[in-house]
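Trainee: The structure under discussion is supplied below as structure tokens; questions concerning it will follow.
Numbering (this note's numbering), first residue to last: 2 to 344.
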């Protein structure tokens, strides 16, 4: 199935509507062919340039990427007389100019992306990475202190000792029941309660959302979600404390990775825009072509415009002349009354 377009419409939405006649829902053909015909040395290429400019303008706003703060239809949508003459006579400079317009615009987009990425990396180097590295180092320091505390309490299967509100508990069941009873005393999320100490770690009880949790102060405020099972809560606390060395290793790995990313970002910032020289050369050639085409316009066009402006200025009425020639109308009725009085 195929369709043929012998010309190009001036509005992009009409072009979409034209394609929608074949590329639409309900079409059972998996592949369709759309043929567009362009005639050499005519305005077809210029019409396609218009549509390209309009689509580029729309694409600056309708995008899933970071949109530009402002959108401009940068390319001119009109031709000078010299460009029209060159286009109709098959001047190769017009084709070169249009090709350079496309290439220069693509290079400008690449440079814009490069500049945006450069600013993004600079922000990460100066703000983001230093802050995260500092926080990670502080976390490592606290976890190292927690590991030192944990080493003072070697793991023993049948050795259990927990302090809850100043009372010693040696049975897991009694300690678990005490923790559940303390949960009933907390009714709001703002309320918290220091309930005791276990293996050198101070424990604070609080309510967070839909569940209660215990916070281990010396273990980087490690939070443990509690349930309704008496023995299950004690097991969760033991697992959390035993997991501290693993957390320390993960933070150290994170710190190493952050330093690597920081060095990589610094290296990327030092890289120049690779197409900078190409952009300069093509922009220079494009400016030369624009100048050549502009020079072929009639030289007297500017002077003729000035003469027309002067003539139009002369035809404008002078305000001063109008004021000097202004004569107020006499009130004939008042004059007649004055004459009657005199008589």
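Every residue gets a Cβ at the ideal spot worked out from N, C-alpha and C, and that includes glycine. Remember, predicted model here, so these are calculated numbers, not experimental data.
1) Taking three-plus beta-carbon pairs below 8 Å as touching, is the stretch 118–130 in contact with the stretch 200–218?
2) In angstroms, rounded to a whole number, what distance separates the CA positions of residue 18 and residue 24?
3) Classify residue 294 as helix, strand or coil using the three-state DSSP reduction.
4) Starting from the Cα of residue 106, find the closest Cα among 276, 292 and 293 and give me that residue.
5) Grouping DSSP H, G and I as helix and E and B as strand, with all else coil, what is residue 197?
6) How about the stretch 209–216 and the stretch 253–271: do they share at least three Cβ pairs that are nearer than 8 Å?
7) Give the DSSP bridge partners of residue 5, in chain order.
8) Would residue 232 pass as a contact of residue 219 if the rule is Cβ separation under 8 Å?
9) Taking the alpha-carbon of residue 263 as reference, which of 249, 101, 102 and 134 has the nearest alpha-carbon?
10) Please tell me whether residue 256 and residue 137 are closer than 8 Å, where the distance is taken between their beta carbons.
11) How should residue 292 be labelled, buried or exposed, when 16 other C-beta atoms within 10 angstroms of its C-beta is the threshold for buried?
12) Just to confirm before moving on: does the CB-CB distance between residue 176 and residue 183 stay below 8 Å?
13) Assuming residue 232 is part of the alpha helix (DSSP H), what are its boundary residues?
14) Pull up the CB-CB distance for residue 221 and residue 140, whole angstroms please, since I reckon it's below 8 Å.
15) Do you know offhand how far residue 210's Cα is from residue 190's?
16) Between residue 101 and residue 280, how many whole angstroms is the CB-CB distance? I'm expecting something under 8 Å.
17) Output needed for residue 146: all residues of its chain with C-beta closer than 8 Å, excluding positions within five of it in sequence on either side, in chain order.
18) Can you tell me the Cα-Cα spacing of residue 199 and residue 163, whole angstroms?
19) Closer than 8 Å by C-beta to residue 196: which residues in its own chain qualify, once you throw out the five before and the five after it? Chain order, please.
20) So what does residue 278 bridge to, in DSSP terms?
21) Assuming contact is defined by CB atoms lying nearer than 8 Å, are residue 186 and residue 194 in contact in what I supplied?
22) Excluding five sequence neighbours on each side, which residues of the same chain lie with their C-beta closer than 6 Å to the C-beta of residue 122?
23) Would you tell me roughly how many angstroms separate the C-alpha atoms of residue 274 and residue 223, rounded to the nearest one?
24) Can you tell me whether residue 168 is buried or exposed? The criterion is at least 16 other CB atoms within 10 Å of its CB, across all chains shown.
Mentor: With the structure as the only source:
1) No, the stretch 118–130 is not in contact with the stretch 200–218.
2) Computed Cα separation, rounded: 10 Å.
3) Reduced to three states, the DSSP call for residue 294 is helix.
4) Of the candidates 276, 292 and 293, 276 places its Cα closest to the Cα of residue 106.
5) Taken through DSSP and simplified to helix, strand or coil, residue 197 comes out as strand.
6) Cβ pair count under 8 Å is below three, so no.
7) In the DSSP assignment, residue 5 forms a beta bridge with 36.
8) It is not a contact, given that the beta carbons lie outside the stated cut-off.
9) Restricting attention to 249, 101, 102 and 134, the CA atom closest to the CA of residue 263 is found in 134.
10) Yes, the pair counts as a contact, with Cβ atoms nearer than the cut-off.
11) Exposed, by the Cβ-count rule.
12) Their beta carbons are not under 8 Å apart, which means residue 176 does not touch residue 183 by this criterion.
13) Annotation for residue 232: the continuous alpha helix (DSSP H) segment containing it runs 231–243.
14) With a Cβ gap of about 6 Å, residue 221 and residue 140 count as contacting.
15) In a straight line, the C-alpha of residue 210 is about 7 Å away from that of residue 190.
16) The pair is not a contact, with the Cβ atoms about 11 Å apart (cut-off 8 Å).
17) Spatial neighbours of residue 146 in its own chain (CB-CB distance under 8 Å, excluding positions within 5 residues in sequence) are listed in chain order as 219.
18) If I take the Cα positions, the gap works out to 5 Å.
19) For residue 196, the CB contacts under 8 Å within the same chain, skipping 5 residues up- and downstream, are 165, 166, 180, 183, 204, 205, 206 and 215 in chain order.
20) For residue 278, DSSP assigns no beta-bridge partner whatsoever.
21) Yes, they are a contact pair.
22) Take residue 122, set aside five residues on each side of it, and the residues of its chain with a beta-carbon closer than 6 Å to its own are 266, 269 and 270, in chain order.
23) Near 46 Å, if we compare the C-alpha coordinates of residue 223 and residue 274.
24) Exposed is the call here.
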